[in-house]
Amino acid sequence: MLYPIALTIHIISIIIWIGGVAFVTMVTFPMIQRGTSSLEQVMMFQGTEHRFGKIAKTMVILAGLSGLYLINVKGMSLGVWIMMVLWAVYASLLFGLEKKIFKSLFGKPSDQIDTKKIFAILQGFHWIVLTLSFLAVAAGIWVAHY
Ligand code: HEM
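Quick note, the sequence shown lines up with residues 203 to 348 if you use our numbering.
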């Protein structure tokens with residue numbers, strides 16, 4: 203009885219979290235890049251980041267806890283290792299690394315910041331993380347259904 207509940211929590215948290223990353227990568231960043239002023243671009247980015255950051259943190263915790271329960275029932279495998287490694291990358295980004303990266307990108311005097319370049323780098327980075335996330339989804343489906 204607990205197994206389908208844990209799996210449902212696992213999948214819903216992953217839908218919200220990876221879906222959010224997909225939305226930010228495919229919709230928000232292109233919108234930001236069309237912004238007319240640097241201030242408008244930074245405000246749009248910070249607004250999304252602030253709101254989605256909290257949601258993503260909660261979802262990462264839920265996915266991790268439900269994942270631990272699933273391991274308890276189903277055991278470890280290569281697919282589970284792939285999911286855990288990607289989960290660890292996200293968790294370290296959300297709970298610390300991201301702040302450091304933003305500080306190094308935006309921490310200079312405003313006349314030295316090339317926002318166009320920074321947002322292009324950030325969007326590229328999001329595409330990489332999103333592609334890796336699809337790999338983790340594929341790994342999850344593989345361990346559960348192959
Ligand atoms: C990037 C993060 C993750 C993604 C995208 C992900 C995705 C998935 C998906 C799509 C499934 C398949 C469910 C199904 O089709 O029935 C699954 C199952 C599972 N996940 Fe994850 N997961 C992630 C993180 C984790 C973590 C951190 C753990 C362990 C701590 C974990 C452990 C498991 C286990 C044990 C299963 C069950 C496999 C089975 O039913 O045999 N996952 N996951």
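From the three backbone atoms N, C-alpha and C, an ideal C-beta is built for every residue, glycine too.
Pairwise C-beta distances place the region 227-241 out of contact with the region 257-274, as fewer than three of them are shorter than 8 Å.
The closest CA to that of residue 220, considering only 331, 341 and 343, is found on 331. In the pairwise beta carbon analysis, the region 321-337 is classified as not touching the region 251-265: fewer than three pairs are separated by under 8 Å. Rounded to the nearest angstrom, the gap between the Cα atoms of residue 216 and residue 317 is 31 Å. Excluding the 5 residues flanking it on each side, residue 308 has same chain C-beta neighbours closer than 7 Å at 315, in chain order.
Only residues of its own chain outside the window of five on either side were considered, and among them 216 and 220 have a CB closer than 8 Å to the CB of residue 339, listed in chain order.
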